[in-house]
Amino acid sequence: MEKLAFDIESSVKNIMEIAGYDESSIELSTCIKREIIKLSSPDEFMVISNQDFDFDTTVELEEKRKESEPPLYVFCISKKEICYTNSTDIIKEIASKVEKNHGDVYVHFLFDSIEKRIGSSTSDQITKDSIQKKLKERSISLNKVNLSLSYGTIKKGNLHTQDSEKKEYKIQVLSRIGIKAKALETPKTMGHVFTASLYDLVMLYNDKESDLFSKNLRLGIKDELDVDSSINNTLKKNPTEFWYLNNGVTILIEKGNLFLDKPNSIILKDALDRKTEITVINGAQTLNAAANFFFSSVVEDKNKEEAKNKAFVMLKIISLSSESSDSEQADRISISLNRQKPIVIDDIAYTMDIISKINGLHDKVKNLPEEHSELDPFVFSIVRRGELSAVTQRTYNLKVLPRILYSILLDKPGTARSGAIKSILKVDVDNKKFEETGLFPELSEGNEEEDFKNYYQAVNFAMALFDEITEISKNLSLGEHETNESSIDKYGKYLIIYIIINVLNSRKEAKPEESIDYSKWTYKVEDVKKMITNESYCKLLEVLASDWDKLLDNDEQKWDSNAFKKNKEIINLLKEVYSKVENILDVK
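According to our numbering, the stretch in the sequence shown is residues 4 to 591, in order.
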């Protein structure tokens, strides 16, 4: 129960942080431990809401609360798939959490497996209408607010117990002999090819969840060719054809975890041990789509059984030793395999060494007690395409972040705006580095924290600034006489970020011979809303437009989009507006 309580707490925190809440008090842990006894029986469930515990809110959320009723977050954790026999009780319990004075209501269902999550989400046993009906019985109407339902799995944490789960996972194959590839010596690599049961691989995914795809570049990104629908149709109508119509699955495994001593099966040892490196590097979409078929409540049982017995897939298993050099080999294999299908530069850039170092420092700092880490408000993690990117979570993909870094580290806000991401993220794959060496400066071994302060301490603020400017700009109404300000607003987002960051960093002039240093940076994400309001943003536009007009006095194209590609002019603008922007931000 301790492990389950820890995982539930991690999952609830994750959802609340995405919603804009900062961190929980001890009440969350107490609440879960009080209610978790209900999960001692497989048929039971527990329902809690943010009324039962307290979360600190961000400045942004506080502002929204002034305008509307506070939202309600309800969490239903069930050890059993939602079905006809338990749905009525669950609906009743959820409805009991809702009061008349709530704004939007968000109901999150959390399960301990992918199988239960998919089965419940496709069963339609609990719908918005069924909850509304129960609320109506209590004279509560939600017709004018948003009621949303979402289904997820309990986030597996890293709480270590003496009873660590270890398991031998059996995968049926037509022959354990299969095809053996010629071994590589440097690094030591072995390869095997089998015809394997698709269902057994789906069950491996059910147990390891997204951890199984830790090295899959594209994760669960939707394919333009509607592969999910094609897989569903094949499994339903002619599962025997599946082997012929699918590219197969490739698993990377640590040496010593593959056993071939059974006649018609292979064994993956410790498949549930999350420290063991067993990962699908090609075929994530296949397994995800197949899971949606096998676990769906709307697929007939006879179709599932036929597919379980007849659907096989080509399985390639690559075995590596656990040496550090083999991590590079794993990335090379993953990149190469995924190049056979459409991938973008972000996918390859994600495998660069500096990304791992930034993420590693983030994890290290987050595991420290908050009072012992001055870096806690400034660290961030970089996620793959397809994963959640959110300022509230301090997680960023490689779409906006590189452009921000071009602005604040390279003095190239013009390039940040106009450059193609393929050019900005150009990589030297062999050396696992970005070709633009200043884009992601290194964190040198033994000096990671100091290097991070120097180069990356302003990133979270800059990313929050990007979001805030984008949001204000959406609702901004500038009159016809303010066309110059409109051009700054429309084309000058990275210009604005560049100037604000440099003013806050007391850097009045960009000097090529001097490296940028953010080690004394103190501004945090929550400071953005204090500085950038609708009023201050309009003042910034007015000042920037006026001085841009003077600076490019003889340029007839100065208000065209192409004018804002010019790094030199933007750098010169910084010198002209420095004091004025300082006054607007009130940071003297």
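C-beta: ideal position from N, C-alpha, C; glycine also.
- request: Would you mind reading off the limits of the beta strand (DSSP E) that contains Leu271?
  value: Walking along the sequence shown from the start, residue 271 turns up at place 268. First-last of the beta strand (DSSP E) with Leu271: 268-272.
Local Cβ density within 10 Å of Ala592, reported as buried at 16 or more and exposed below that: Limits of the chain in this structure are 4 at one end and 591 at the other, which puts residue 592 out of reach.
query: So is Asp115 buried or exposed if we call it buried at 16+ other beta carbons inside 10 Å?
result: In the sequence shown, the residue the question calls residue 115 occupies position 112. Per the 10 Å Cβ criterion, buried.
task: Can you say whether Asp10 is buried or exposed, counting buried as having 16 or more other CB atoms within 10 angstroms of its CB?
output: By one-based count along the sequence shown, residue 10 stands at place 7. Result: buried.
query: What residues in its chain sit with their C-beta under 7 Å from that of Cys34, if we drop five residues either side in the sequence?
result: Indexing the sequence shown from 1 puts residue 34 at position 31. So the list reads Ile51, Asp55, Phe56, once near-sequence residues are dropped.
Pro405 classed as buried or exposed, judged by whether at least 16 other C-beta atoms fall within 10 angstroms: For the purposes of this step, residue 405 is taken as residue 402 along the sequence shown, with counting starting at 1. Looking at its Cβ environment, which holds 16 or more other Cβ atoms inside 10 Å, Pro405 is buried.
- prompt: So Val110 packs on Ile97, CB below 8 Å; how close in whole Å?
  reply: For this step, residue 110 is matched to residue 107 along the sequence shown. For this step, residue 97 is matched to residue 94 along the sequence shown. The pair is a contact, with the Cβ atoms about 6 Å apart (cut-off 8 Å).
query: How would you label Leu228, buried or exposed, when you count the other beta carbons within 10 angstroms and need 16 or more for buried?
result: As a working mapping, residue 228 is identified with position 225 in the sequence shown. At Leu228, the pLDDT of 42 sits below 50, so the modelled position is not reliable; the number obtained from the coordinates is stated separately. By the beta-carbon neighbour count (other beta carbons within 10 angstroms, threshold 16), Leu228 is exposed.
- request: Quickly, what does DSSP pair His195 with across the bridge? List them, please.
  value: One-based indexing of the sequence shown puts residue 195 at position 192. Looking at the DSSP assignment, His195 forms a beta bridge with Lys183, Ile320.
query: CB Asp379 to CB Phe464, shorter than 8 Å?
result: Along the sequence shown, read from residue 1 onward, the residue named residue 379 stands at position 376. Along the sequence shown, read from residue 1 onward, the residue named residue 464 stands at position 461. One thing to note: Asp379 has its Cβ no nearer than 8 Å to the Cβ of Phe464.
message: So, does the stretch 302-316 touch the stretch 127-141, judging by three or more C-beta pairs under 8 Å?
response: They do not touch, by the three-pair rule.
field: Neighbour-count burial assignment, Cys86, 16 or more Cβ in a 10 Å radius
entry: By 1-based counting over the sequence shown, the position of residue 86 is 83. When all chains shown are included, Cys86 counts as exposed.
- request: Give the straight-line distance between the Cα atoms of Asp414 and Val403, rounded to the nearest whole angstrom.
  value: Numbered from its first residue, the sequence shown carries residue 414 at position 411. Numbered from its first residue, the sequence shown carries residue 403 at position 400. In a straight line, the C-alpha of Asp414 is about 16 Å away from that of Val403.
message: On the criterion of 16 or more Cβ atoms from any shown chain inside 10 Å, does Thr536 qualify as buried, or is it exposed?
response: Sequence index remark: in the sequence shown, residue 536 carries index 533 (1-based). Per the 10 Å Cβ criterion, exposed.
- prompt: Does the Cβ-Cβ distance between Asp210 and Gln175 come in under 8 Å?
  reply: Here residue 210 refers to the residue found at position 207 of the sequence shown. Here residue 175 refers to the residue found at position 172 of the sequence shown. Result no, Cβ atoms of Asp210 and Gln175 do not sit closer than 8 Å.
- prompt: When DSSP labels each residue in this structure, what does Lys265 get in the three-state scheme?
  reply: Translated into positions along the sequence shown, residue 265 becomes position 262. Coil, per DSSP.
- request: State yes or no: is the C-beta of Lys41 within less than 8 Å of the C-beta of Ile94?
  value: Translated into the one-based positions of the sequence shown, residue 41 becomes position 38. Translated into the one-based positions of the sequence shown, residue 94 becomes position 91. For Lys41 and Ile94, no; Cβs fall outside 8 Å.
- prompt: Can you list the alpha helix (DSSP H) stretches of 4 or more residues lying completely in the stretch 410-477, in chain order?
  reply: If only uninterrupted alpha helix (DSSP H) runs of at least 4 residues are considered, those enclosed by the stretch 410-477 are 416-421, 424-427, 451-459, 462-477.
query: Pairing CB atoms from the stretch 500-509 with CB atoms from the stretch 556-568, are three or more of them under 8 Å?
result: no
query: Given Thr164, which residues of its chain have a CB within under 8 Å of its CB, disregarding the five upstream and five downstream residues?
result: As a first step, residue 164 must be located in the sequence shown, where it is residue number 161. Here the model assigns Thr164 a pLDDT of 40, short of 50, so the residue's position is not dependable and the matter cannot be decided.
- prompt: Would the beta-carbon of Gln460 fall within 8 Å of that of Ser359?
  reply: Counting from 1 along the sequence shown, the entry for residue 460 is found at position 457. Counting from 1 along the sequence shown, the entry for residue 359 is found at position 356. The beta carbons of Gln460 and Ser359 sit no closer together than 8 Å.
- request: Mind the definition here: the stretch 557-574 touches the stretch 411-427 only if three or more C-beta pairs lie below 8 Å; say whether that holds.
  value: yes
message: Judging by CA-CA distance, which residue of Tyr247, Ala184, Arg141, Val528 is the nearest neighbour of Thr398?
response: Taking the sequence shown and counting its residues from 1, the one referred to as residue 398 is at position 395. Nearest of Tyr247, Ala184, Arg141, Val528 to Thr398, Cα basis: Val528.
message: Could you tell me the alpha carbon to alpha carbon distance between Ala8 and Ser32, rounded to whole angstroms?
response: Your numbering for residue 8 matches position 5 in the sequence shown. Your numbering for residue 32 matches position 29 in the sequence shown. Ala8 and Ser32 have their C-alpha atoms roughly 8 Å apart.
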